[in-house]
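Accompanying notes for the structure given below.
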Amino acid sequence: MSERLSVRKTYKLYIGGAFPRSESGRSYAVTGAKGEFLANASKASRKDVRDAVTAARKAFPGWSAATAYNRGQILYRIAEMLEGRRAQFVSEVAEADGVSGKKAGELVDAAVDRLVWYAGWSDKISSLRGSSNPVAGPYFNLSTPEPTGVVGIVAPPMGPLFGLVSVIAPVIVTGNTCVVIASERAPLPSITLAEVLATSDLPGGVVNILTGSAAEMAPWLAGHMDVNGIDLTGADAELAQRCEELAAENLKRVLRPNGKTDWTADPGTGRMTAFLETKTVWHPIGI
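Following full-length UniProt numbering from start to finish, the sequence shown increments by one per residue and tops out at 287.
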């Protein structure tokens with residue numbers, strides 16, 4: 001029997017629950033920490049960004065209308081699916097970051113734990129952010145948090161799985177949808193995560209993942225008039241400044257962390273509340 005040929009994995013984009021190639025046909029070589037060739041990844045174009053935003057906007061009404069408890073269940077399901085593919089993630093993280101299998105395993109486990117942590121917050125964040133406000137008059141005054149809408153995310157270049165999960169989970173658990181620019185240096189774990197998302201209960205379009213040049217795509221997202229917020233965690237100072245200028249044109253919410261983020265630290269609630277709006281309702285007291 002002749003020796004069989006290995007089946008090479010094709011790493012594509014993740015848009016609207018599907019895995020298309022870039023409409024431009026572009027791709028780029030992905031190398032490991034030691035410079036060895038790992039795979040070719042799609043290089044997203046401006047049209048791919050527009051398609052991803054359209055998919056995120058289409059998914060927003062249904063996702064934001066889902067109960068907080070249901071969103072938490074789905075995040076927990078994602079954690080289950082990620083745990084089930086632990087060996088593949090360990091291999092990809094080890095190759096991308098040049099760390100030992102043991103260290104890569106710790107990072108994968110941390111990503112699973114982070115998903116479970118945010119899942120637990122799904123039906124609690126509204127109690128933390130909502131309030132009954134005292135007013136001088138015969139009225140009830142109630143404030144409740146609501147999701148901002150479509151959020152663009154520039155994922156951190158380091159921590160291709162743990163960092164990625166840590167920026168996606170807080171955005172979607174509160175009812176937002178997102179378009180994510182994966183780490184250009186190490187995009188492979190992000191597309192494998194997309195495969196997990198596609199086979200979990202997460203509706204298509206809630207998370208859209210693009211690979212390629214962040215320097216190209218981030219300004220397109222920042223200037224897109226149907227994007228309501230942008231997370232610049234993975235942008236360098238020059239790119240972040242450019243994106244902030246573009247985001248100001250339609251008053252996007254902008255999250256730009258100061259300094260290097262320690263993903264192992266307690267994440268707190270800041271990333272969840274960064275893309276929440278507050279709706280206040282006045283209601284007369286009946287006699």
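Each residue gets a CB set at the ideal place from its N, CA and C atoms; glycine is no exception.
None of these values were measured; they are calculated from a predicted model.
Three or more C-beta pairs below 8 angstroms linking the stretch 215-229 and the stretch 41-61: Segments in contact, yes.
Buried/exposed call for P284, threshold 16 Cβ in 10 Å: In the sequence shown, counting from the first residue as 1, residue 284 sits at position 284. Residue burial is scored here from C-beta neighbours: P284 has fewer than 16 other C-beta atoms within 10 angstroms and is therefore classed as exposed.
Any non-hydrogen atom of the ligand MN closer than 7 angstroms to G223 Cβ: Looking for the ligand MN in the displayed structure turns up nothing, as the structure carries no ligands at all.
Proximity of I15 and A52 at Cβ, strictly below 8 angstroms: On the sequence shown, position 15 is the one that residue 15 refers to. On the sequence shown, position 52 is the one that residue 52 refers to. Yes, Cβ-Cβ distance for I15 and A52 is below 8 angstroms.
Sequence-distant residues of its chain with Cβ nearer than 6 angstroms to E185 (five each side left out): Mapped onto the sequence shown, residue 185 falls at position 185. Looking at the sequence itself, residue 185 is Arg, so the reference to Glu does not match. These residues qualify, in order along the chain: P157.
Rounded straight-line distance, which links the Cα of T264 to that of Y139: Your numbering for residue 139 matches position 139 in the sequence shown. Your numbering for residue 264 matches position 264 in the sequence shown. Cα-Cα distance, rounded: 45 angstroms.
Exposure of E277, with buried meaning 16 or more beta-carbon neighbours within 10 Å: Within the sequence shown, numbered from 1, the residue matching residue 277 stands at position 277. Label assigned to E277: exposed.
Close-in-space but distant-in-sequence residues of the same chain around R242 (CB under 7 angstroms, 5 per side omitted): One-based indexing of the sequence shown puts residue 242 at position 242. Within the same chain, P219 come within 7 angstroms of R242 by CB-CB distance, once the 5 residues on both sides are set aside.
Cut-off 7 angstroms between Cβ atoms - residues of its own chain near A29, not counting five sequence neighbours on either side: Your numbering for residue 29 matches position 29 in the sequence shown. Here the set comprises F37 and N40.
3 or more residues per run - each beta strand (DSSP E) lying fully within the stretch 225-249: The stretch 225-249 contains these whole beta strand (DSSP E) runs: 229-231.
T211 - DSSP class collapsed to helix/strand/coil: As a working note, residue 211 is residue 211 in the sequence shown. Looking at T211 - three-state DSSP - the assignment turns out to be coil, as it is neither helix nor strand.
C-beta neighbour in chain D for V167, strict 8 angstroms: In the structure shown, chain D does not exist; there is a single protein chain.
Length of the line joining the Cα atoms of P203 and W63: Residue mapping note: residue 203 aligns to position 203 of the sequence shown, counting from 1. Residue mapping note: residue 63 aligns to position 63 of the sequence shown, counting from 1. Those two C-alpha atoms are separated by around 8 angstroms.
Proximity of A7 and L142 at Cβ, strictly below 8 angstroms: Indexing the sequence shown from 1 puts residue 7 at position 7. Indexing the sequence shown from 1 puts residue 142 at position 142. According to the sequence as given, residue 7 is Val; it is not Ala. Taking 8 angstroms as the cut-off, the Cβ atoms of V7 and L142 do not count as close.
Cβ contact check for the stretch 82-94 and the stretch 66-73: 3 or more pairs under 8 angstroms: Contact between the stretch 82-94 and the stretch 66-73 is absent, with fewer than three C-beta pairs closer than 8 angstroms.
Extent of the continuous beta strand (DSSP E) run through A41: Here the question's residue 41 lines up with position 41 in the sequence shown. Counting along the chain, the beta strand (DSSP E) containing A41 begins and ends at F37 to S42.
For L161 and A111, believed in contact at Cβ under 8 angstroms, the rounded distance: Against the sequence shown, residue 111 aligns to sequence position 111. Against the sequence shown, residue 161 aligns to sequence position 161. Sure, about 5 angstroms apart at Cβ, within 8 angstroms.
Three-state class that DSSP yields for P134 in the structure shown: For this step, residue 134 is matched to residue 134 along the sequence shown. Coil, per DSSP.
With 16 other Cβ atoms within 10 Å as the buried cut-off, status of N228: Numbered from its first residue, the sequence shown carries residue 228 at position 228. N228 is classed as buried because its beta carbon has at least 16 other beta carbons within 10 Å across all chains shown.
One or two residues paired with R253 in a DSSP bridge: As a first step, residue 253 is located in the sequence shown; it is residue number 253 there, counting from the start. Paired residues: G229.
Inter-residue CB distance, T148 and S126 (contact presumed, cutoff 8 angstroms): The count along the sequence shown starts at 1 and reaches residue 148 at position 148. The count along the sequence shown starts at 1 and reaches residue 126 at position 126. Taking C-beta atoms under 8 angstroms as the contact rule, T148 and S126 fail to qualify, at a distance of about 14 angstroms.
Inter-residue spacing [alpha-carbon to alpha-carbon] between G268 and L5: Stepping through the sequence shown from its first residue, residue 268 is reached at position 268. Stepping through the sequence shown from its first residue, residue 5 is reached at position 5. So the alpha carbons of these two residues sit roughly 48 angstroms apart.
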